[in-house]
Amino acid sequence: MGTLKGAVVVITGAGRGIGRAIAEELGQEGARVVVNYSKSKEAAEDLVASLQQNGSPEAVAVQGDVSDATQAAKLIEETINRFGRIDVLVNNAGINIDRSLKNLSTQDWDKVIQVDLNSYFYTMKAALPHFMQQKSGKIINISSVIGQMGNFGQANYAAAKAGIIGLTKTAALELARTNVTVNAICPGFIATEMFESIPDKPKEAILARIPLGRAGTPQEVARAVRYLIVDGDYITGESLNINGGLYLQ
Ligand code: NAD
């Protein structure tokens with residue numbers, strides 16, 4: 001794409017954590033950022049105010065639970081109504097409900113698949129006609145190293161994140177002829193609230209397994225997103241691993 005200036009970028013679940021860092025990274029270079037949030041209006045509005053002061057005067061917050069197909073479609077529709085186009089879709093919204101399979105209820109399974117996998121399909125499906133008509137676009141799906149290696153107590157999360165990789169590869173094949181690239185990013189352990197909520201002992205055990213000896217930062221993931229958008233025109237169907245060497249393939 002070459003430049004972010006004026007690019008219309010939709011980021012799901014952008015109120016905090018990795019999504020917020022992506023919004024800041026892209027906004028500071030002049031992207032017109034659509035900050036999607038589900039519940040935390042205050043955090044999203046606070047982010048938008050900061051983006052407007054820092055390179056993205058047209059940044060806007062749009063409420064919507066993207067695990068609901070109608071609301072996901074409305075998010076894209078509102079973006080088109082406001083800006084007339086969409087250049088980048090970053091699927092980032094995610095949750096986890098961790099239990100070993102023995103204790104995992106069907107509701108725990110369904111909820112995580114709904115938010116972490118189905119929502120990615122819903123937003124992509126809604127944005128697709130616009131990307132195809134424009135004959136340009138970039139879709140970036142935030143997956144996880146857990147989707148590649150599995151993890152004790154995270155069957156639902158691992159299945160959703162592995163599903164994202166398959167969805168990404170297929171969409172890349174189907175959209176390549178319309179000049180739309182689709183890639184996944186697989187972060188390892190990143191120091192956000194999701195990671196900080198892990199109790200001290202297991203957290204120490206995780207850190208001990210990371211060859212680079214530390215968790216990643218949300219900004220390190222955000223810079224990879226920027227790379228795929230600005231310099232990644234010939235990259236599609238890939239999974240970019242940002243995990244400190246945690247899982248070497
Ligand atoms: P986070 O919990 O800080 O942020 C997730 C955001 O998604 C929150 O703002 C939340 O409100 C939003 N969200 C949840 N459900 C939503 C819905 N239905 N509709 C709209 N928004 C919704 O987590 P994070 O660490 O910033 O994670 C961001 C993404 O990165 C997730 O997809 C996560 O699985 C992935 N990831 C995180 C890590 C990590 O170590 N933090 C590692 C690998 C992958």
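Heads up: the sequence shown begins at 1 in the numbering used here, then just goes up one per residue.
Even for Gly, the Cβ is constructed at its ideal location relative to N, Cα and C.
I believe residue i touches residue j by the beta-carbon criterion, under 8 Å. Please report the beta-carbon distance rounded to the nearest angstrom.
i: A59; j: V33; result: 4 Å
i: M1; j: D233; result: 7 Å
i: T12; j: N36; result: 5 Å
i: M132; j: G17; result: Actually they are not in contact, since the Cβ atoms of M132 and G17 sit about 31 Å apart, beyond 8 Å.
i: N141; j: I113; result: About 15 Å separates the two Cβ atoms, so there is no contact after all.
i: A172; j: G237; result: 3 Å
i: L240; j: K138; result: 13 Å between Cβ atoms; not a contact.
i: N243; j: P187; result: 7 Å
i: T192; j: P218; result: 6 Å
For the beta strand (DSSP E) holding residue i, just list the boundary residues, first then last.
i: K138; result: 137-142
i: A61; result: 60-63
i: L240; result: 239-242
i: L26; result: Note, L26: premise wrong, no beta strand (DSSP E); alpha helix (DSSP H) at 17-27.
i: I11; result: 8-11
On the DSSP letters alone, give me the boundaries of the alpha helix (DSSP H) that residue i sits inside.
i: Q52; result: 41-53
i: V112; result: 106-113
i: N81; result: 69-83
i: V256; result: Nothing can be reported for residue 256: it is not among the residues displayed for the chain, which extend from 1 to 249.
i: V250; result: This structure does not reach residue 250, given that the chain is present from 1 up to 249, and the question cannot be answered.
Please indicate yes or no: does the CB of residue i lie closer than 7 Å to some heavy atom of the ligand NAD?
i: R16; result: yes
i: S38; result: yes
i: D65; result: yes
i: I11; result: no
i: D274; result: Nothing can be reported for residue 274: it is not among the residues displayed for the chain, which extend from 1 to 249.
i: G55; result: no
i: F131; result: no
i: G232; result: no
i: D46; result: no
i: D116; result: yes
i: G84; result: no
i: T168; result: no
i: N92; result: yes
Where does residue i fall in DSSP's three states?
i: S119; result: helix
i: L89; result: strand
Considering only residues of the region 141-215, which uninterrupted alpha helix (DSSP H) runs meet the minimum length of 4 residues and lie entirely inside it, listed in chain order?
-> 146-149, 155-175, 193-196, 200-209
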